[in-house]
Each structure stands twice: as C-alpha cells, then as structure tokens.
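J.: There's a structure below that I have some questions on.
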Amino acid sequence: MASFARFEDIKAWQKALELTMRVYRMTSDSSFSKDFGLRDQIRRAAVSTMANIAEGHGRRTNSEFANFLNLARGSAAEVQSHLYVAKGLGYCGEEDFREMYGLANEVSKMTLSLAKFLRESEKKAAQN
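Residue numbers (the numbering used here): 1001 to 1128.
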C-alpha cells in the first residue's frame, strides 16, 4: 500500500482542497449564489474530488486506491465542465475561469500519476 500516513499528506488532496475552497468562494458571490442548481452541482463535484482521494487512501489495496483516484479525476473534469457554464453565464470572468480550470487540471494530472504509480507498485508486488 502507498506510504502516506494521512490523506492530508497527499499533494493531490491538498490541491483538491484548494480547488474546493475556490469553488465555494466563487459560488457564494453575486448571481452564482442564486443559481442553486449549478452552484450545488459544481460544489458537489469539487468536494467529490477531494473526498474520493481521501476515501481511496482509506482503502486496503493500491488497486482500490487507484480506482478512487480515477473517480476523483472524473469529478475534477466535472468541475471543469461546470466552469464553462459559469463563464458563459457571466458568473466568473476569464481569469478566474483559467485559474480554476488549471487547478482542476493539475489535480487531474496528479491523481492520474498517483494511480499509475499505485497500479505499477501492485503489479511489481504481485510478481515478487
């Protein structure tokens, strides 16, 4: 199993927390806060990203952990998709869009790399 003592030590989780906090701040402002459907959906996707990383860490095998990292990656993509709607409706500007989209992309890349590492580690352990 991967050697993170706590899920809080995982850089991808830390970035996902940063993304979640940014989403919550952005969706608390102006008309975004009144668009309950989109507001709640993007918040749930952001929270799901970090929660899946944490839940995967709590699983027993690298393979299970990697599966949850893939779920986190999907949730990060969902945040990115919702950002397009938010930008199109004028809930966020181009700069906020780019920063948050980039942050979600960073989380996605980190979870993908960690999932690959975990799967390779499990294969090597099975061969020994």
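We put the beta carbon where it would ideally sit given N, CA and C, even for glycine. Computed from a prediction, not measured in an experiment: that's the story for all the values here.
#1: Grab the span of the alpha helix (DSSP H) containing S1028 for me, first residue to last.
#2: Taking its Cβ as the centre, do 16 or more other Cβ atoms sit within 10 Å of T1049, making it buried, or is it exposed?
#3: Out of curiosity, what's the CA-to-CA distance linking S1113 and R1119?
#4: Drop a sphere of 10 angstroms on the beta-carbon of G1093, count the other beta-carbons inside from all chains shown, and report buried for 16 or more, exposed for fewer.
#5: Measuring CA to CA, which of N1128, Q1127, E1122 is closest to T1061?
#6: Just curious, the alpha helix (DSSP H) that Y1091 is in, first and last residue?
#7: Go ahead and pull the three-state DSSP assignment for L1043.
T.: The structure says:
#1: Stepping through the sequence shown from its first residue, residue 1028 is reached at position 28. Unbroken run through S1028: none, as it is neither H nor E.
#2: As a first step, residue 1049 must be located in the sequence shown, where it is residue number 49. Buried.
#3: The sequence position of residue 1113 within the sequence shown is 113, counting from 1. The sequence position of residue 1119 within the sequence shown is 119, counting from 1. So the alpha carbons of these two residues sit roughly 10 Å apart.
#4: On the sequence shown, position 93 is the one that residue 1093 refers to. It counts as exposed.
#5: In the sequence shown, counting from the first residue as 1, residue 1061 sits at position 61. Ranking N1128, Q1127, E1122 by Cα distance to T1061 puts E1122 first.
#6: Here residue 1091 is taken as the residue at index 91 of the sequence shown, counted from 1. Y1091 -> no alpha helix (DSSP H), and no H or E assigned at all.
#7: In the sequence shown, residue 1043 corresponds to position 43, counting from 1. For clarity, residue 1043 is Arg in the given sequence; the question names Leu instead. Judged by DSSP in its simplified three-state form, R1043 adopts helix.
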